[in-house]
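Just below is one structure, and these are the notes that go with it.
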Amino acid sequence: MVAHPRAYYIFGVDENGQPVFVPKTREEFTKAQETGIIPLNANYVGFIDPNIPRLAQYNREGRSGSLLYTWRDKQFPQGVERALAYATIPYHGGVYSTPAGFGFVTMTAFASDFHQAATVLGADISREIQQALWIALASVIVIAALIVTAAWLLARNIARPIRDITAVAQQVSQGDYSQDVTTLIGKRSDEFSELAEAFNFMVAKVEAREMKLRQQVQELKIEIDEVKKAHQVAEITETDYFRSLRDRARQLREGKSEMRDERSE
Amino acid sequence: MMSQIVSVHSFRGGTGKSNLTANLTTVIAQAGRRVGVIDTDIQSPGIHVLFGLDESKMVHALNDYLWGKCEIRQTAHDVTASLDANIAGKVFLIPSSIKAGEITRVMREGYDVGLLNDGFHQLIKDLNLDVLMIDTHPGLNEETLLSIALSDTLVIILRPDQQDYQGTSVTVEVARRLDVPRMMLVVNKLPAVFDAAEVKTRVERAYNCPVAAVLPHSEEMMTLASGGIFVLRYPDHTFTQSIREVATRILA
Chain A
1 MVAHPRAYYI FGVDENGQPV FVPKTREEFT KAQETGIIPL NANYVGFIDP
51 NIPRLAQYNR EGRSGSLLYT WRDKQFPQGV ERALAYATIP YHGGVYSTPA
101 GFGFVTMTAF ASDFHQAATV LGADISREIQ QALWIALASV IVIAALIVTA
151 AWLLARNIAR PIRDITAVAQ QVSQGDYSQD VTTLIGKRSD EFSELAEAFN
201 FMVAKVEARE MKLRQQVQEL KIEIDEVKKA HQVAEITETD YFRSLRDRAR
251 QLREGKSEMR DERSE
Chain B
1001 MMSQIVSVHS FRGGTGKSNL TANLTTVIAQ AGRRVGVIDT DIQSPGIHVL
1051 FGLDESKMVH ALNDYLWGKC EIRQTAHDVT ASLDANIAGK VFLIPSSIKA
1101 GEITRVMREG YDVGLLNDGF HQLIKDLNLD VLMIDTHPGL NEETLLSIAL
1151 SDTLVIILRP DQQDYQGTSV TVEVARRLDV PRMMLVVNKL PAVFDAAEVK
1201 TRVERAYNCP VAAVLPHSEE MMTLASGGIF VLRYPDHTFT QSIREVATRI
1251 LA
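Quick mapping for you: the protein sequence lines, in order, are chains A and B.
Residue 73 in the working numbering is what sits at position 73 of the first sequence, and the numbering runs on without skipping anything.
Going from the second sequence to the working numbering is simple: count from 1 and add 1000.
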């Protein structure tokens, strides 16, 4: 309500844009009360309401703000928490050019309604927080499961070809060249298929080299030219020196064996 | 035990003959025998290097004996202690002179090959030798033929190549005609591509003569061998084991 002799044209507007009904007589006041509206009793609020003596003080100081007070009437004999927003209408003029005001623009509502937006928002926020927490938790679980699965798949994918290649390497070291790594690993298009191909290539080369060496060993032929040999031998043996040497050697050996015979006797 | 003369021969140079002779000598001495090793490769002596005999300590060489300058026993150098203090037997080295003048004199004038024969027997007697190892000159010249003729055992070293196959066949035939009682072949410097057992069989079949060892060609061996007597420095090496097998055959 507006309580000001000059600024009487200030009026309140509800959430639908309709002017707020302000009772000006007791009848109007009682009638408003009956429709569930609790008008602010200007008389009470003015300067003497025992519930809110601070308001008069605030008005003199020209302040604006909000406060809580307890409302009691027939409907609420136990009293009800009301919220009051107030704005001092300042004098601004003449001898009254002081911070103090002349009455207020005020608005009242049930304290619970006044806080409703905040309560709803608070509930919304905690619901949002809860929801976000759940989403985060679920995400962590799902991501962890994905990572574990991926790691397992990757490990299997890498470990198996390595084991296969190792097995074939061992076979090759035993001289078994029959196993083909590329068919063992299967169709892939990664570094492993390249490795398998390189490995196969190496095995083929090693096998070829071994075959060649085996052939070489077999090719070790000792060729002796018998005609040439006979000629070379004759050159040596058909000399007087050789003949005499042979005779002397025979004599010496006979002498030696005689010595041997003597010793053994 | 009867003393025996063992000639180590190869048709061509560079077969590792001196090396094998030095290592065989050492192994036989380790078995407690008194071994003389005589370098008759007068034209290109070398075995003294393997035994670490300093040229300045070479008082008399085989050449001095052949020119009648000294007795054969004076040419013998006891190198046992310088090899290894733990050798049970003895090693006497009879080196050839490495002086250029002495070498050219031998090549120019020759010498009485008969003296070698007397020298060998005198050495065995004087030094009470169990084994006299003769490191011969490659090829089949007169002193080599004499060494072979006097040998109880002839060890012929060959490399697995065509030239050595042919030359070895001539040596084996000549040695047979000289009634050498025992002959054995050692295949040296076998390239890794060949199978040792296969080579042994083939060589034995080709010459109708036992193969005492097939020694692989190894760069590692070549490098190590130049530093002295291989069997002393690497007693557990497969090469050393092969040398021991050859020595066992010789002493059998």
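Every residue, glycine too, gets a C-beta built ideally from N, C-alpha and C.
Owing to the predicted nature of the structure, the values given are computational and were not obtained by experimental measurement.
Check your understanding: Is B:P1181 close to chain A, meaning its C-beta is less than 9 angstroms from at least one C-beta of that chain?
Key -> Taking the second sequence and counting its residues from 1, the one referred to as residue 1181 of chain B is at position 181. Yes, contact with chain A.
Check your understanding: Which value, in whole angstroms, describes the spacing of the CA atoms of A:R263 and B:M1002?
Key -> Residue mapping note: residue 263 of chain A aligns to position 263 of the first sequence, counting from 1. Residue mapping note: residue 1002 of chain B aligns to position 2 of the second sequence, counting from 1. Because A:R263 carries a pLDDT of 42, less than 50, the predicted location of this residue cannot be relied on, and no value is offered for it.
Exercise for review: Give the interface partners of B:S1169 over in chain A, defined as CB-CB distance under 8 angstroms, in chain order.
Suggested key: For the purposes of this step, residue 1169 of chain B is identified with residue 169 of the second sequence, where counting begins at 1. Going along chain A in sequence order, the residues near B:S1169 (Cβ under 8 angstroms) are I224, K229.
Point to revise | Residue range of the unbroken alpha helix (DSSP H) whose run includes A:E27 | key: Your numbering for residue 27 of chain A matches position 27 in the first sequence. Its alpha helix (DSSP H) spans residues 26–34.
Practice item. Indicate whether at least one CB of chain B lies closer than 9 angstroms to the CB of A:D261. Key: Residue 261 of chain A sits at position 261 when you count from the first residue of the first sequence. With a pLDDT of 48 at A:D261, under the threshold of 50, the modelled position of this residue cannot be trusted; read the value that follows with caution. Taking CB atoms only, A:D261 has no neighbour in chain B less than 9 angstroms away.
Review point. CB of A:A100 to nearest heavy atom of the ligand NAD: below 8 angstroms?
Key: Among the components of this structure there are no ligands whatsoever, and the ligand NAD is therefore not found.
Review point. Quick one: what's A:G65 bridged to in DSSP?
Key: Within the first sequence, numbered from 1, the residue matching residue 65 of chain A stands at position 65. Answer is A:Y86.
Practice item. Establish whether the CB of A:A249 and some CB of chain B are separated by less than 9 angstroms. Key: For the purposes of this step, residue 249 of chain A is identified with residue 249 of the first sequence, where counting begins at 1. Under the Cβ criterion of 9 angstroms, A:A249 is counted among the residues facing chain B.
Check your understanding: Thinking C-alpha only, which one of A:Q174, A:S173, A:A196 is nearest A:L184?
Key -> For the purposes of this step, residue 184 of chain A is taken as the residue at position 184 of the first sequence. Considering only A:Q174, A:S173, A:A196, the residue with the shortest C-alpha distance to A:L184 is A:A196.
Exercise for review: Flag B:E1109 as yes if its beta-carbon sits less than 9 angstroms from any beta-carbon of chain A, otherwise no.
Suggested key: Translated into the one-based positions of the second sequence, residue 1109 of chain B becomes position 109. Output row for B:E1109: interface = no.
Review point. Taking the alpha-carbon positions, what's the A:E32 to A:G103 distance?
Key: Indexing the first sequence from 1 puts residue 32 of chain A at position 32. Indexing the first sequence from 1 puts residue 103 of chain A at position 103. This sequence places Ala at residue 32 of chain A; Glu is not what is there. The alpha-carbon of A:A32 is positioned some 22 angstroms away from that of A:G103.
Review point. Do B:T1040 and B:S1096 come within 9 angstroms of each other at the CB atom, strictly closer than that value?
Key: For the purposes of this step, residue 1096 of chain B is taken as residue 96 along the second sequence, with counting starting at 1. For the purposes of this step, residue 1040 of chain B is taken as residue 40 along the second sequence, with counting starting at 1. The Cβ-Cβ distance between B:S1096 and B:T1040 falls below 9 angstroms.
**Study point:** Alpha carbon of A:Q215 to alpha carbon of A:Q174, nearest angstrom
**Key:** Against the first sequence, residue 215 of chain A aligns to sequence position 215. Against the first sequence, residue 174 of chain A aligns to sequence position 174. Taken atom to atom, the span from the alpha-carbon of A:Q215 to that of A:Q174 is near 19 angstroms.
Review point. Roughly how many whole angstroms lie between the Cα atoms of B:R1034 and B:V1008?
Key: Start at 1 with the first residue of the second sequence, and residue 1034 of chain B comes out as number 34. Start at 1 with the first residue of the second sequence, and residue 1008 of chain B comes out as number 8. Cα to Cα, B:R1034 sits roughly 17 angstroms from B:V1008.
Review point. According to DSSP, what are the bridge partners of B:V1214?
Key: Along the second sequence, read from residue 1 onward, the residue named residue 1214 of chain B stands at position 214. Paired residues: B:V1187.
Point to revise | Beta-carbon gap between A:N157 and A:T182 smaller than 9 angstroms | key: Taking the first sequence and counting its residues from 1, one reaches residue 157 of chain A at position 157. Taking the first sequence and counting its residues from 1, one reaches residue 182 of chain A at position 182. The answer is no: Cβ separation not under 9 angstroms.
Check your understanding: Taking the C-alpha atoms as reference points, what is the distance between A:G12 and A:V105?
Key -> Along the first sequence, one-based indexing puts residue 12 of chain A at 12. Along the first sequence, one-based indexing puts residue 105 of chain A at 105. A:G12 and A:V105: Cα-Cα distance of roughly 9 angstroms.
Exercise for review: Identify every run of the beta strand (DSSP E) within the stretch 1116–1151 of chain B, keeping only runs that are complete inside it and at least 3 residues long; order them along the chain.
Suggested key: Segments of the beta strand (DSSP E) lying fully in the stretch 1116–1151 of chain B: 1131–1135.
Check your understanding: What are the residues of the stretch 1147–1158 of chain B that lie near chain A, defined by any Cβ-Cβ distance shorter than 7 angstroms?
Key -> Listed by position along the chain: A1149, L1150.
Practice item. Enumerate in chain order the residues of its own chain whose CB-to-CB distance from B:I1243 is below 7 angstroms, with the five nearest sequence positions on each side excluded. Key: The residue labelled residue 1243 of chain B in the question sits at position 243 within the second sequence. For B:I1243, same chain residues with a beta-carbon under 7 angstroms away, outside a window of 5 residues either side, are N1023, L1024, V1027, V1231 in chain order.
Practice item. Reducing DSSP to helix, strand and coil, say where A:W134 ends up. Key: Mapped onto the first sequence, residue 134 of chain A falls at position 134. Residue state, collapsed to three classes: helix.
Review point. A:V168 versus chain B: which residues are under 9 angstroms apart at the beta carbon?
Key: Mapped onto the first sequence, residue 168 of chain A falls at position 168. Those do not exist, as A:V168 stays about 25 angstroms from chain B at its closest Cβ, beyond 9 angstroms.
Review point. Cα-Cα, which of A:L154, A:D176, A:F242 is closest to A:A208?
Key: Reading the first sequence from its first residue, position 208 is the one you call residue 208 of chain A. Cα-wise, what sits closest to A:A208 is A:D176.
Check your understanding: For B:D1064, does the three-state DSSP call read helix, strand or coil?
Key -> By 1-based counting over the second sequence, the position of residue 1064 of chain B is 64. Note: B:D1064 maps to helix in three-state DSSP.
Exercise for review: Specify whether the stretch 1124–1134 of chain B and the stretch 1187–1203 of chain B touch according to this definition: at least 3 beta carbon pairs, one from each stretch, less than 8 angstroms apart.
Suggested key: With the cut-off at 8 angstroms, the stretch 1124–1134 of chain B and the stretch 1187–1203 of chain B do not touch.
Exercise for review: Mind checking the stretch 1206–1223 of chain B against chain A and listing, in chain order, the residues whose C-beta falls within less than 9 angstroms of any C-beta there?
Suggested key: Per Cβ criterion, the list reads A1206, Y1207.
Review point. What separation, rounded to the nearest whole angstrom, lies between the Cα atoms of A:A230 and A:I165?
Key: Along the first sequence, one-based indexing puts residue 230 of chain A at 230. Along the first sequence, one-based indexing puts residue 165 of chain A at 165. In a straight line, the C-alpha of A:A230 is about 59 angstroms away from that of A:I165.
**Study point:** Which of helix, strand or coil DSSP assigns to B:T1025
**Key:** Counting from 1 along the second sequence, the entry for residue 1025 of chain B is found at position 25. In this structure, B:T1025 counts as helix in the three-state DSSP scheme.
Practice item. Would you mind working out which of A:Q75, A:N59, A:A167, A:A83 sits nearest A:Y69, comparing C-alpha positions? Key: On the first sequence, position 69 is the one that residue 69 of chain A refers to. Answer by Cα proximity: A:A83.
Point to revise | Residue span of the beta strand (DSSP E) that contains B:D1039, given as start and end | key: Looking up residue 1039 of chain B in the second sequence gives position 39. Start and end: 1034–1039.
Check your understanding: Tell me which same chain residues have a C-beta within less than 7 angstroms of the C-beta of B:L1053, skipping the five on either side of it?
Key -> Position 53 of the second sequence, counting from 1, holds the residue named residue 1053 of chain B. So the qualifying residues of the chain are H1077, V1079, L1093, P1095.
Exercise for review: In angstroms with no decimal places, state the Cα-to-Cα distance between A:L121 and A:R127.
Suggested key: Taking the first residue of the first sequence as 1, we reach residue 121 of chain A at position 121. Taking the first residue of the first sequence as 1, we reach residue 127 of chain A at position 127. Within the model, the alpha-carbon separation for A:L121 versus A:R127 is close to 10 angstroms.
Review point. Is it true that the CB of B:L1215 sits closer than 9 angstroms to the CB of B:V1174?
Key: Here residue 1174 of chain B is taken as the residue at index 174 of the second sequence, counted from 1. Here residue 1215 of chain B is taken as the residue at index 215 of the second sequence, counted from 1. No. Outside cutoff.
Review point. Name the chain D residues whose beta carbon is nearer than 7 angstroms to that of A:R253?
Key: Reference to chain D is not applicable here, since the protein chains of this structure are A and B.
Review point. Of all the options B:H1121, B:D1179, B:V1170, which has the alpha carbon lying nearest to the alpha carbon of B:Q1004?
Key: If you number the second sequence from 1, residue 1004 of chain B lands on position 4. Answer by Cα proximity: B:H1121.
Exercise for review: Examine chain B for any beta-carbon lying closer than 9 angstroms to the beta-carbon of A:L184, and answer yes or no.
Suggested key: Start at 1 with the first residue of the first sequence, and residue 184 of chain A comes out as number 184. By this cut-off, A:L184 is not an interface position.
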